[in-house]
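The structure appears right after this line, and notes come after that.
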Amino acid sequence: MERTSQGAAPATRPERAARAGAVVVASRVETALAERTWSIAGPGSNGTCHLFFILHGQARFAGRDGHELELSAPFMLWLPRPVEGAFRLEAGSDGVAATIAEDFAWRVVGDSPIAAHLRPMLERAAVAPAERIAPQLGEIGMSLGALVRESREGGPAAGALMALHLGIALLHLWRASGHGTTIVQRGSGAATVQRFRQLVELHYRENLGIDEYADRLGVTRAHLHDACLRATRETPLALIHTRRLEEAQSRLIQTDLPVEQIGYSLGFRDPSYFSRFFKRLAGMTPAAYRQRAPRTRPASEQTSFAAWP
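In the working numbering, the protein residues as written are -2 to 306.
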């Protein structure tokens, strides 16, 4: 929530749009006579991250854990979901503020070779200070200006354009923050598990092996196995199976697709194998689960092939 020094204000347009499910909500921060504060909600923030690009003025971030950071424009600041605190912008400051769905940021980064360097940055707060960001101000400003426009107007291919411009901004942030200030650094085991879960979310339909996940994370299979056991008491394979089961259960309840089509959409080429997989984890067949589970949509709402992933 954004507040001024005069007290709490009603929910801003970015907040209303974020609640409506927008993947990016970006707006220009115009100069004002009063200090403004953004409350960064942390782990319970419904999967959102924050990006600030401040051109003029002074700011301060105060973390809930006691860390404080004084910032002088121009700078970029990235605050991922694990970070909790308050971002205060002094009177007379201006720039761009964006709220970004966490899964959208991860999809933007993807799993290209450079993403191996970008992914860790998404997990911790990072700042690109004035002396490192100054030469690229024009390029960053153009990309974030386009992000504001596409977020507001939502024209054809807005999602693709927002992904492109957010990717450019994140690349600039990564380049400029390499030796900058880090506010929060998660433990290597916890970070590995979070990155693994993000990759599972992207690829659980593709039957990737544990070795391939480990390669994409840049760790050994043994390290991934140990990290998952320490953090979740589950093996990597069990976490993948749980995610596939959750998606299968959701589709059985929320769609009228035949069981074999649901299995196929989740990467199971053999309907009988999908049925055995489901029964082993859920204790009943997919058909029995669908019959017993409460429906969350009218049976008359038919799901077409266009609804497939």
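Using N, Cα and C, we set each Cβ at its ideal position, and we do this for glycine too. The model shown is predicted, which means the values in this text are computed figures rather than measured ones.
- Contact check for residue 239 against residue 190 fails: the beta carbons are separated by 8 Å or more.
- Only residues of its own chain outside the window of five on either side were considered, and among them 155, 158, 159 have a CB closer than 6 Å to the CB of residue 147, listed in chain order.
- Ranked by Cα distance from residue 36, the first of 61, 52, 248, 51 is 61.
- Residue burial annotation: residue 270 is exposed, with fewer than 16 other C-beta atoms found within 10 angstroms of its C-beta.
- In the structure shown, the three-state DSSP call for residue 91 is strand.
- The bridge partners DSSP lists for residue 125 are 73.
- In this structure, the CA atom of residue 192 is about 21 Å from the CA atom of residue 38.
- The DSSP-derived three-state label of residue 50 is strand.
- In the DSSP assignment, residue 58 falls within the beta strand (DSSP E) that extends over 55 to 60.
- Contact between the region 219 to 227 and the region 284 to 291 is not established, with fewer than three Cβ pairs separated by less than 8 Å.
- With a cutoff of 8 Å on beta-carbon distance, residue 24 and residue 70 are scored as not near each other.
- Distance from the Cα of residue 280 is smallest, within the candidate group 45, 242, 64, for 242.
- Within the DSSP bridge table, the entry for residue 66 names 58 as partners.
- A direct Cα-to-Cα measurement between residue 79 and residue 120 gives close to 7 Å.
- Annotation: residue 92 to residue 136 spans about 14 Å, alpha carbon to alpha carbon.
- Residue 90 and residue 58 have their alpha carbons spaced roughly 15 Å apart.
- Residue 131 carries a helical assignment under DSSP once its states are collapsed to helix, strand and coil.
- Secondary structure note for residue 25: its beta strand (DSSP E) is the uninterrupted segment 21 to 26.
- Where residue 99 is concerned, the enclosing alpha helix (DSSP H) starts and stops at 99 to 106.
- Rounded to the nearest whole angstrom, the CA to CA distance from residue 171 to residue 275 is 42 Å.
- The region 256 to 283 contains, as complete alpha helix (DSSP H) runs of 4+ residues, the segments 256 to 262, 268 to 279 (chain order).
- For residue 243, the uninterrupted alpha helix (DSSP H) segment begins and ends at 233 to 251.
- Straight through space, the alpha carbons of residue 262 and residue 252 are spaced by roughly 13 Å.
- Per DSSP, reduced to three states, the secondary structure at residue 45 is strand.
- Here the C-alpha atom of residue 232 lies approximately 11 Å from the C-alpha atom of residue 220.
- Judged by DSSP in its simplified three-state form, residue 120 adopts coil rather than helix or strand.
- Counting along the chain, residue 190 sits inside the alpha helix (DSSP H) bounded by residues 185 to 200.
- The residues 34, 35, 36, 37, 58, 59, in chain order, have a CB closer than 8 Å to that of residue 83 in the same chain once the five nearest residues on each side in sequence are set aside.
- Just measuring C-alpha positions, the residue of 44, 56, 255 sitting nearest residue 26 is 56.
- Selection 214, 81, 264, 65 evaluated against residue 111 yields 214 as nearest (Cα-Cα).
- Distance from the CA of residue 247 to the CA of residue 98, rounded to the nearest whole angstrom, comes to 21 Å.
- The alpha helix (DSSP H) runs lying completely inside the region 138 to 168 and spanning 4 residues or more number zero.
- When only Cα atoms are considered, residue 118 and residue 86 end up about 23 Å apart.
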